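These protein sequence lines map, in sequence, to chains A and B. Under the UniProt record's numbering, read the first sequence as residues 1 to 250, first letter to last. Under the UniProt record's numbering, read the second sequence as residues 1 to 250, first letter to last. We put the CB at the ideal spot given by N, CA and C, even for glycine. Note that this is a predicted model, so its numbers are computed, not measured. Step one of this worksheet: look at the structure below.
Number of protein chains: 2
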Amino acid sequence: MNQTIQTLLGLSVCLNALFISLGVWIILKRGGLSYLATRVPLLRKLGIKSTQGSPFNFPYYDHRKSQLSLLPVNASNIIFLGDSITDEGEWAELLNNPAIRNRGISSDTTIGVLDRLQDIIAPRPQKIFLMIGVNDLSNLGRSPADVVQTHKEILTQIREQSPQTNVFIQSVLPIHPSLFLGFVTNSNIQTLNEQLQRLANEFSYPYINLHAHFLGAHHQLDAQYTSDGIHLNGIAYQRWAKLIEPHVLP
Amino acid sequence: MNQTIQTLLGLSVCLNALFISLGVWIILKRGGLSYLATRVPLLRKLGIKSTQGSPFNFPYYDHRKSQLSLLPVNASNIIFLGDSITDEGEWAELLNNPAIRNRGISSDTTIGVLDRLQDIIAPRPQKIFLMIGVNDLSNLGRSPADVVQTHKEILTQIREQSPQTNVFIQSVLPIHPSLFLGFVTNSNIQTLNEQLQRLANEFSYPYINLHAHFLGAHHQLDAQYTSDGIHLNGIAYQRWAKLIEPHVLP
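This is the structure:
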């Protein structure tokens with residue numbers, strides 16, 4: 001009997017060791033502690049932060065950044081700059097305008113946008129439609145005030161280096177919390193948007209309140225627009241295009 | 001002593017149960033057995049197949065399919081049709097041609113393309129650049145012969161419903177096995193391409209052997225083109241665009 005229990009204990013402990021090793025292996029493969037910090041808010045509160053501007057989508061981010069860096073921008077271009085929500089829109093088609101350039105990259109943050117801003121503003125494009133910040137909140141655990149600080153650096157560089165460019169600051173969109181698996185609240189998004197609107201006024205850039213147009217019940221992203229609580233389907237992109245069309249046209 | 005071992009056994013078994021529950025929860029969350037079949041070749045050999053055409057990228061696939069279904073195609077358009085490798089290319093920019101429409105969807109298969117073909121061919125576009133099949137091999141565990149059978153259905157529908165459309169059948173690209181986490185071999189890709197070339201001849205559509213231009217050592221995808229062994233960076237897209245440019249121009 002004692003022998004049997006000891007054997008069972010041995011097996012059970014081995015199985016646990018196997019499970020733990022598997023877990024550690026998966027986490028290491030995805031980027032170790034810095035990856036974990038993007039998934040576990042507690043770690044971020046303990047001061048462990050992701051070292052990457054865009055911790056999630058590693059190969060995709062690198063590939064797309066490298067592709068975009070080789071594609072020229074010119075002074076007649078209208079740039080759509082942001083994260084996945086911008087990236088996933090076929091803007092030139094949605095707005096029937098071949099001058100439009102999609103410069104969204106899935107998983108990007110204000111830090112990532114600041115980092116790749118030079119390629120975009122050096123050719124002094126006509127307009128920039130900017131929507132960025134939800135991944136700062138969700139993936140990097142930054143506060144709205146911190147995020148707006150990086151927005152301010154982005155706008156300062158644009159104003160200084162390309163004063164003719166008109167920047168349309170689009171509000172961050174709401175999420176649908178029960179569908180979305182990330183770490184961000186609609187109340188944080190609301191705070192970010194209020195501060196973004198003040199920042200836009202400060203720079204005399206137009207602020208576009210898209211947020212209000214995508215709300216459903218309980219001040220959440222309307223479920224008709226999304227399958228995962230944050231990204232958008234075709235109806236949402238049609239609506240968005242309609243809302244900004246007057247600003248895209250000269 | 002006996003008491004201690006029994007307590008330890010109890011704890012260890014509870015931990016076992018916890019880990020197993022966690023694993024089951026994660027798998028169920030991602031789509032259950034059908035998801036597992038996309039990751040474990042053995043299950044596919046046992047006849048458990050994914051019920052989805054595109055088992056991986058659920059919310060993204062739905063969102064993009066819905067967006068594309070609302071964007072019109074016309075007879076002057078040049079369609080890029082395929083999976084992530086097509087989806088991730090900014091083709092209108094790469095080829096400096098506003099008639100180009102990107103109809104790639106990340107994670108798509110020949111089955112998915114067949115399913116959404118009507119929207120694309122009903123308006124009888126000028127040209128279609130097709131690259132599809134690697135996810136059939138990798139995610140659905142289909143054989144090259146099976147995949148080419150679905151290719152044949154795609155080409156038959158195009159030929160019947162839009163005989164003026166010229167279809168450029170692009171070879172599937174090689175992978176870099178030590179960087180790629182999916183289940184596909186370069187030898188299977190090679191077999192698929194040989195059969196695709198025969199199919200192209202059968203239909204008198206041009207076959208474009210991109211595969212040969214992306215090979216590095218050991219007949220693998222050249223590591224200079226990729227961070228994850230299957231998707232492409234900017235240098236690769238520049239090269240691809242250069243190779244097909246003569247076919248895109250009228």
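- Only those residues of the segment 3-14 of chain A whose C-beta falls short of 8 Å from the nearest C-beta of chain B are listed: Ile-5, Gln-6, Leu-8, Leu-9, Ser-12 and Val-13.
- For A/Val-167, the uninterrupted beta strand (DSSP E) segment begins and ends at 166-170.
- With respect to chain B, the C-beta atom of A/Pro-98 has a partner C-beta closer than 7 Å.
- Excluding its 5 nearest sequence neighbours in each direction, B/Arg-64 has C-beta neighbours in its own chain below 7 Å: Ile-105, listed in chain order.
- Within the same chain, and ignoring the five residues on either side of A/Leu-68 in sequence, the residues whose Cβ sits closer than 8 Å to its Cβ are Arg-103, Ile-105, Arg-116 and Asp-119.
- Assigned with DSSP and collapsed to three states, B/Ile-230 falls in coil, not helix or strand.
- Between A/Thr-226 and the set B/Asn-77, B/Thr-191 and B/Asp-62, the nearest pair of CA atoms involves B/Asp-62.
- Within 9 Å of the CB of A/Phe-168, no CB atom of chain B is found; the nearest one sits about 21 Å away.
- Taking all protein chains shown into account, A/Ala-236 has 16 or more neighbouring C-beta atoms within 10 Å of its C-beta and is therefore buried.
- Against chain B, the beta carbon of A/Leu-70 has neighbours under 7 Å at Gly-234 and Gln-238, listed in chain order.
- Secondary structure at B/Arg-142: coil, using DSSP grouped into helix, strand and coil.
- Contact between the segment 158-170 of chain B and the segment 202-213 of chain B is present: three or more C-beta pairs spanning the two stretches fall below 8 Å.
- The DSSP assignment places 100-104, 127-131 and 166-170 as complete runs of the beta strand (DSSP E) inside the UniProt domain "SGNH hydrolase-type esterase" (80-239) of chain A, in order along the chain (cut-off: 3 residues).
- Straight through space, the alpha carbons of A/Ser-138 and A/Leu-181 are spaced by roughly 10 Å.
- By the neighbour-count definition (other C-beta atoms within 10 Å, threshold 16), B/Val-113 is a buried residue.
- The beta carbon of B/Gln-161 does not come within 7 Å of any beta carbon belonging to chain A, so the residue lies off that interface.
- Bridge pairing for A/Ile-78: A/Ile-100 and A/Lys-127 [DSSP].
- Any Cβ of chain B closer than 7 Å to the Cβ of A/Glu-245 would place that residue at the interface, and such an atom is absent.
- With 16 or more other Cβ atoms from the protein chains shown falling within 10 Å of its own Cβ, A/Ala-200 counts as buried.
- Under the three-state reduction of DSSP output, A/Leu-11 falls in the helix class.
- Residue state for B/Val-24 is assigned as helix, using DSSP reduced to three classes.
- Counting only Cβ-Cβ distances below 8 Å, B/Ala-92 has contacts in chain A at Ala-92 and Pro-98, in chain order.
- A/Pro-59: member of the alpha helix (DSSP H) spanning 58-69, first to last residue.
- Note that the C-beta distance between A/Glu-160 and B/Leu-71 is not below 7 Å.
- At a Cβ-Cβ threshold of 7 Å, B/Val-148 and B/Gln-197 do not count as neighbours.
- The residue among A/Gln-224, A/Gly-82 and A/Asn-135 with its C-alpha nearest the C-alpha of A/Asn-188 is A/Asn-135.
- Spatial neighbours of A/Gln-164 in its own chain (CB-CB distance under 7 Å, excluding positions within 5 residues in sequence) are listed in chain order as Arg-124.
- The CB of B/His-231 comes closer than 8 Å to the CB of Pro-59, Tyr-60 and His-63 in chain A, given here in chain order.
- With contacts defined by Cβ atoms closer than 7 Å, B/Asp-83 and B/Ile-132 form a contacting pair.
- When Cβ-Cβ separations below 7 Å define contact, B/Ser-76 makes no contact with chain A.
- B/Ser-143 is classed as exposed because its beta carbon has fewer than 16 other beta carbons within 10 Å across all chains shown.
- With a 10 Å radius around the Cβ and a threshold of 16 neighbouring Cβ atoms, B/Trp-91 comes out buried.
- Proximity of chain A to B/Asn-139 at the Cβ level (cut-off 9 Å) is not reached, the minimal Cβ distance being about 17 Å.
- Residues of chain A whose Cβ lies closer than 9 Å to the Cβ of B/Arg-101 are, in chain order, Glu-90 and Glu-93.
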